[in-house]
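Per the numbering used here, residue 21 is the first one in the sequence shown, and the count goes up by one each step. Glycine included, every Cβ here is placed at the ideal spot set by N, Cα and C. Small disclaimer: the values here were computed from a predicted structure and weren't measured. Below is one structure, written out as structure tokens; the observations come after it.
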Amino acid sequence: MHTGMENSARFMKATFAAGCFWDVEAAFRQVNGVVETVAGYTGGTDPNPIYAEVESGTTSHREAVGIVFDPVVVPYERLLDRFWEIHDPTQEDGQGEYVGSHYRSAIFFFDDEQRSAALRSRDALVAAKRYGNRPILTEILPASAFWPADECHQRFYEKCGQGYGTSRKIWD
Numbered sequence: 021m022h023t024g025m026e027n028s029a030r031f032m033k034a035t036f037a038a039g040c041f042w043d044v045e046a047a048f049r050q051v052n053g054v055v056e057t058v059a060g061y062t063g064g065t066d067p068n069p070i071y072a073e074v075e076s077g078t079t080s081h082r083e084a085v086g087i088v089f090d091p092v093v094v095p096y097e098r099l100l101d102r103f104w105e106i107h108d109p110t111q112e113d114g115q116g117e118y119v120g121s122h123y124r125s126a127i128f129f130f131d132d133e134q135r136s137a138a139l140r141s142r143d144a145l146v147a148a149k150r151y152g153n154r155p156i157l158t159e160i161l162p163a164s165a166f167w168p169a170d171e172c173h174q175r176f177y178e179k180c181g182q183g184y185g186t187s188r189k190i191w192d
């Protein structure tokens with residue numbers, strides 16, 4: 021992700037995939053301390069993928085949201101909490117009406133601290149039995165190249181005059 025802010029010593033990066041990036045981006049924009057969100061693609065094989073390629077399922081990319089955040093205001097662990105709140109990590113190949121490998125749940129970590137925090141948060145979710153005996157299918161993967169989606173996908177709900185979750189119930 022190339023935002024201009026990621027080089028500041030104060031800010032950190034996070035990347036999450038949890039279904040349609042419109043929903044994920046809108047949910048994280050509401051978190052105090054998140055200074056930037058970018059809808060895009062990561063985890064795939066093709067350089068500089070476009071929406072149609074990712075949607076076809078042939079590139080191995082996932083729709084994801086790159087986040088720049090201020091850890092003084094919002095710790096990474098709170099971002100992980102939000103991630104778990106906004107989707108069902110037990111769905112195998114998508115989220116709700118969004119079906120396909122490009123909608124699979126994943127946390128992309130940038131360092132060992134993020135990896136450890138992600139594993140702890142997943143393990144706590146399992147221990148709490150929030151989803152009963154259904155397994156958590158969210159993958160925890162090293163961050164890789166992030167490709168921003170076209171401008172029409174950025175802040176999608178704001179462009180449509182809708183707030184996050186106002187047009188429909190997104191997740192139970």
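Can you check whether the CB of residue j is closer than 8 Å to the CB of residue i?
i, j, result
"A59", "V85", "yes"
"V51", "L99", "yes"
"T57", "E45", "yes"
"E83", "F41", "yes"
"V92", "V55", "no"
"I127", "A138", "yes"
"G39", "G114", "yes"
"A47", "R124", "no"
Can you grab the Cα-Cα spacing for the pair residue i / residue j, in whole Å?
i, j, result
"D66", "E73", "9 Å"
"A169", "K149", "35 Å"
"R135", "V119", "27 Å"
"R142", "A37", "15 Å"
"R154", "H173", "32 Å"
"L161", "D132", "11 Å"
"S80", "W104", "23 Å"
"T29", "F166", "The sequence given here places Ala at residue 29; Thr does not occur at that position. For A29 and F166, the distance between alpha carbons rounds to 20 Å."
Name the DSSP beta bridge partners of residue i, please?
i, result
"K33", "V88"
"F129", "P162"
What's the call for residue i, buried or exposed, on a 16-neighbour Cβ count within 10 Å?
i, result
"S164", "exposed"
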